[in-house]
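Taken in order, these protein sequences are the chains called A and B. Position in the first sequence counted from 1, then plus 19, gives you the working numbering. Position in the second sequence counted from 1, then plus 195, gives you the working numbering. Remarks on the structure that follows.
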Amino acid sequence: MTADQTRLRDIAEQIAAGLPPLLVAAERLASVISLGVHGRRKSGMGENFWQFRRFQAEDPSTAIDWRQSAKSQHLFVREREWEAAEAVFLWRDGSAGMRFKSDFAEVTKIDRASVLTLALGSLLTRGGERIALYGDGRAPSTGRAALNRIAHELIGTPSDETLPPDAPVSKNSTFVWFSDFLSPLGEIETTLRRLARAGLSGQLVHIIDPAEEDFPYQGRTRFESPAGRQSEIFGRVETMQGAYRARFRAHAETLRDLSRRLGWGYLAHRTDKRPEVALVALFEALGGAEAKMRIA
Amino acid sequence: MTFFGILTFAEPFILAGLIVLPAIWFLLRVTPPSPRRVVFPPLRLLLGLNATEETPSRTPWWLLLLRLLAAALIVLALAAPTIGEPPKPLGNGPLVLFVDNGWAAAHAWKDRESAIADLLSGAEHAGRAVAIVPTANAVGPVSVLDAGSAQRAAEQLAPVSWLPDRKQAASILAKTHFSSAPQIVWLSDGLDYGDASDIAGALSKIGTVKILADAPGHLPLALKPESNRADGFAVNVVRAETQGARHGSVSALGAHGENLSSAPFAFANGKDEATADIRLPLEVRNETARIVIDNEESAGATRLLDSNTKRRAVGLISASNTNDQPLLSDIYYLDKALAPYADVTKGSVNEALSRNASVLVLADIGRIAGADYTTISKFVADGGVLVRFAGARMTQNVDDLIPVKLRSGGRYLGGALAWQEPQHLAPFPDTSPFRGLTVPKEVTVSRQVLAEPSVDLGEHTWARLTDGTPLVTAAQKGKGWIVLFHVTGGPAWSNLPLSGLYVEMLHRVLDLASGARPSDMGTGASTMFPAYTVLDGFGHMMKPSADALPLRGSQLSKTKPSRLHPAGLYGNEGAQVALNVFGTKDTLDPMGNVGVRVEAYSGTSAFALQPLLLSLALALLLIDAVISLLLRGFGFDPRRLLARLSILALALLLIHPNSARADDAFDMKAALDTHLAYVITGVPDVDQMSAAGLKGLGAYLHARTSYDPKDPMGVNLDTDNLAFFPLLYWPMDPREKDLSPQALSKIAEYMRNGGTILIDTRDLTLGSTRGQDNPGEQTLKRLLGKVDMPPLQPVPPDHVLTKAFYLLQDFPGRWDGGKVWVEALPPPDPDAGPAPARGGDGVSPVIIGGNDWAAAWAIDNEGRGLVAVSPGGDRQREMAVRFGINVVMYALTGNYKTDQVHVPALLQRTGK
């Protein structure tokens, strides 16, 4: 057995172990919300009746609505409303910092982000939307298969990129970006502008560990970056709490302003809060912009 | 090296290590406590920030002091300091240790050891030669050693279980050649064996003498021979001095050293003897292997007991139990003669045997009557000893429970018309168990029953008169013995009962009951007793050394323990004789004025400080570790801890009276019969229905099965014991309160231990639907969600529940339909072929269904159903009852029915 095969098998086992609960968690979340396909107010592929029109030569005979036709001399064809599904690109930050979990939270940020991504994906596919994991090189598609593929990507081969890479997207799609947004603000802005230029609009979901916001540390402490490359020792860190919190708030504010200027939404989610709350808020935000939705 | 006169360091150069203390101080001062490590993704946000107050990167001064103190203590400890003055050497010549190492020194042997150690260390410093003379085993010439070898020799020194022979030791010492006049230190045991002043004088001739002895109040104690009384042992404790009060306790120990009983003793001021009464019932008393004085480890404070000291239970039965003329009745003399060695029961045969008598004494009973005859025959065959005394009745009519055939009539000697004088006893033959007993001249026999002459009469005879007629005959019957005295138990026929010989003879006869062979008994002059186990000086049992010689039986009572015959048990497995250190007539005499001043053992003169200092340093380091953790932020809040502890304590207080209220009446009722039981839900109508339902079910069970349940019982899960009930019926109702944790654990334990709970969610009674959202099911989830439930499955068609009594396929109650769940069965064994019924191991701990069975079972006083069943019909009620019966049978018999349904197959197989 080659090393590659071993690695593949290990990954497969990992997926088998991690997939069902994550999917179930996401499905359970998604079952809270029900939604419909958005009508396009014109005739096309769809399920709802739109109008009857006269039969034309190019129409197939199977399209004739015989009941209507029997009422008069002419043949009529039933047209349905065109219901177009959205393409939604999901992207989850996989950097080392996302794997952080403080003592005050129950899950790592990356786990929470993955659950939210899949839950949103599940909701979207059940609503008939086409979804794709941004940057995995596949066209958006719908159905359970798409969801499974995303789950596979998220768990099996997680990318460790901090920012969304340059990847082809379809215009006028929605982009949902799950991250802790701890990269330098400049880099985030550049990326965001690039995505906006590509015709995407969407949502930033800021995943925050409670310790990152509250800074509940005391005493002499050595802070280390998750990758372990950088560290800094501070004495009596409780005295820094005010200054740090102000800085963190400012960081989040900047992010929010930036997204608003580009017409994107911003949503903060702490990992010690329930994920359902974030999911509902996310859906409101997406639905308000894009579609009619009913929050159950 | 000595400082301040009292503090001595064995390794003074290590104190130089104290120089490094300032260096440690400097290092500790500049090293900040190491920081706590935290992974923190938004490190970038922190980077620019400055903590408004940088921690003093120094250790606080008090912590510094703590650590320096710990370091200093370690250095000091390594220098091995001792407090106190080592003993000053007496002189410069050789040092002689004249050590009393008899048992009398064992109780305070530690004092001797430390005195010897002090003396030897002094001698080592001065480079003096040393000789050690142990007075109890001074055999060879004294060897003069250097201090190091003497140290090793001193380690070999141990007290022994006999008394020292100081004269021998002194004479050996006198023969030894020393380079100059030696200094003699006599480590005495403080006792005078009649020659203390002579020895002191003899030693003074050899060199200068110093005598050490135990301080007053610490002289040895010894145990005198115990007396075996009806209610236990009476033990006399003696001491060497008479001044001051002293108290302690003695204990009876079993064969494995277990303490059977203890009793206190107290010496009054001016007395040298005190008594302790150890109370022990007979059965336990015979288990006693030795008696010891507690906390007095010496051979003198230990008494070994042998089989002679065991007491027997003896039943004494006489033809006449009248006691109006005691001096003429046989019973009186027998009782007096047996009492020192046995517990005597007077009365009927059955009374005696019910008290586990091992010896039955029958005085003048000619013919043993019907039932008693059978009882006594069996008693003898099983190993009992039957001792019979002749009498007027025996001359006429005798049964066959006698060792030899008797001639009717008797024999008069020395009467007015007789030719012969009353006869004396002949010496006992060597085969007799009485051998070795001296026959007093004055014992005469004037009347006796005569044995029919026969070939084997000789071997049955244990005692004869001088003319050769048997006086005592015996025969083995089964495992037991029958012994016949051819005279009366009282003085009517002879004056034997008035002599001491009578007591001794009866004592020997009692020993038959311990299973000893007659030939082993008695102290025949030629019998040899090898040493079996011996005592060391501390009174501990050990294997005998090669020195220990066997004892000759004739010497046994005269032997004092010595090197050749150490105290201990002599004999073979099962039959041993104890040789004890201290006899009845022995005394302990303190050493008086011997012409040399006697000093007391001073205990430890020098006190080693090293262990103390090291443990102190360790404690400081532990405190330092805790403080360091606190400083590094591994904090715990003492207030929170306190609050938690107090909540816990309060909870325990609240729980305790609750759980302590054991309802005995309930338990008794529940335990005496097998009751059907239901859980009291606290909702009155539900509970009434449960009670009525189980009552109805009980009536059906009574009518149709062999199980007749008593009234159903309501069970309070919080307070009542569930262990008595095989089956609990538990209806669900949304009004039920949540269960307490105790109740939950009780339920879990009940299910684990084989109980079955029939849970009824009463789906259609409570709401219009079945299934998950049903109120009953939700109540079930709320109440029992935390309990460890086994995996469940709907009752499979081949489950034993469907076949326990009736054959059933559905389980209707008040309502029909729905599923009934039981513990999932293991998958069927594919190899076993089609099985008609399956059951797991044991009974399913839960049966869950929702058909409101109690309502269907419930009947009123006239036996009519209380509640209509739906969709209805007598058939449905009948099926509900059948289900109830099946459940009860299932709970009671488990998977028994699974086995039953295999019976045809088994029969078929065995038929082939």
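Where a beta carbon is used, it is the ideal one built from N, C-alpha and C, also for glycine. If you're wondering where the values come from, they're calculated on a predicted model, not measured in any experiment.
Check, Outcome
"From Leu-1102 of chain B to Ala-484 of chain B, what distance separates their C-alpha atoms?", "59 Å"
"Can you tell me whether Val-910 of chain B is buried or exposed? The criterion is at least 16 other CB atoms within 10 Å of its CB, across all chains shown.", "buried"
"On the DSSP bridge list, what partners appear for Ile-83 of chain A?", "A:Val-96"
"Who are the Cβ neighbours of Gly-154 of chain A in its own chain at under 6 Å, not counting the five residues just before and after it?", "Pro-184, Ala-186"
"Of the residues B:Leu-1002, B:Leu-202, B:Gly-763, B:Met-786, which one's Cα is nearest the Cα of Val-776 of chain B?", "B:Gly-763"
"What residue range does the alpha helix (DSSP H) around Tyr-263 of chain A cover?", "260-280"
"Given Thr-144 of chain A, which residues of its chain have a CB within under 7 Å of its CB, disregarding the five upstream and five downstream residues?", "Ile-150, Thr-161, Gly-162, Arg-163, Ala-165, Leu-166"
"Which residue marks the beginning of the alpha helix (DSSP H) containing Thr-960 of chain B, and which one marks its end?", "958-961"
"Which bits of chain B does Leu-201 of chain A rub up against, with CB to CB less than 7 Å?", "Pro-236, Pro-237, Arg-239"
"What number of angstroms, rounded off, separates the C-alpha of Ala-297 of chain A from the C-alpha of Arg-266 of chain A?", "24 Å"
"For Ser-627 of chain B, does the three-state DSSP call read helix, strand or coil?", "coil"
"In the region 663-744 of chain B, which residue ranges form an unbroken alpha helix (DSSP H) of at least 4 residues, counting only runs that do not cross its ends?", "695-706"
"In chain order, what residues of the same chain have a beta carbon less than 6 Å from the beta carbon of Ser-121 of chain A, not counting five sequence neighbours either side?", "Asp-228, Ala-230"
"For Ala-186 of chain A, would you say it is in contact with chain B, using Cβ-to-Cβ distances shorter than 9 Å as the test?", "no"
"Please list the terminal residues of the continuous beta strand (DSSP E) segment that includes Leu-152 of chain A.", "149-152"
"Could you tell me whether the region 1060-1079 of chain B touches the region 972-984 of chain B, where touching means 3 or more Cβ pairs closer than 8 Å?", "no"
"Is there a Cβ of chain A sitting closer than 9 Å to that of Leu-242 of chain B, yes or no?", "yes"
"Less than 9 Å between the beta carbons of Ala-585 of chain B and Val-678 of chain B, yes or no?", "no"
"Kindly give me the distance between the Cβ atoms of Tyr-765 of chain B and Pro-725 of chain B, rounded to whole angstroms, as I take these residues to be in contact under 8 Å.", "7 Å"
"Take Ser-740 of chain B as the anchor and find which of B:Ser-356, B:Ala-321, B:Ala-312 has the nearest alpha-carbon.", "B:Ser-356"
"Does the structure place the region 367-379 of chain B close enough to the region 398-406 of chain B that three or more beta carbon pairs sit under 8 Å?", "yes"
"Specify whether the region 255-266 of chain B and the region 816-826 of chain B touch according to this definition: at least 3 beta carbon pairs, one from each stretch, less than 8 Å apart.", "yes"
"How about Leu-448 of chain B and Val-479 of chain B: do their beta carbons lie closer than 9 Å?", "no"
"Any contact between the region 598-606 of chain B and the region 636-652 of chain B? By contact I mean 3 or more CB pairs, one from each, below 8 Å.", "yes"
"Report the CB separation of Ala-318 of chain B from Ala-342 of chain B in whole angstroms; it is logged as a contact under 8 Å.", "5 Å"
"With 9 Å set as the bound, which would you pick, yes or no: does the beta-carbon of Val-821 of chain B sit closer than that to a beta-carbon of chain A?", "no"
"Would a check of beta-carbon distances place Val-1038 of chain B closer than 9 Å to chain A?", "no"
"Under the rule that 16 or more other beta-carbon atoms within 10 Å means buried, what is Asp-955 of chain B, buried or exposed?", "buried"
"If contact is defined by three or more beta carbon pairs under 8 Å, each pair taking one atom from either stretch, is the region 657-666 of chain B in contact with the region 558-576 of chain B?", "no"
"Check Asp-955 of chain B in the structure and name its three-state DSSP category.", "strand"
"Just the Cα atoms here: how many angstroms apart are Ala-463 of chain B and Glu-436 of chain B?", "11 Å"
"Cα separation between Trp-110 of chain A and Leu-277 of chain A?", "18 Å"
"Using a Cβ-Cβ cut-off of less than 7 Å, list which residues of the region 228-261 of chain A approach chain B; keep chain order.", "Glu-231, Tyr-236, Gln-237, Gly-238, Arg-239, Thr-240, Arg-241, Phe-242, Glu-243, Ser-244, Pro-245, Gln-249, Glu-251, Ile-252, Phe-253, Gly-254, Arg-255, Val-256, Thr-258, Met-259"
"Check the Cβ of Pro-230 of chain B against every Cβ in chain A and list those closer than 7 Å, keeping chain order.", "Arg-239, Thr-240, Arg-241, Ile-252"
"Between which two residues does the alpha helix (DSSP H) holding Ser-399 of chain B run?", "391-401"
"State the Cα-Cα distance for the pair Asp-882 of chain B and Glu-931 of chain B, rounded to the nearest angstrom.", "11 Å"
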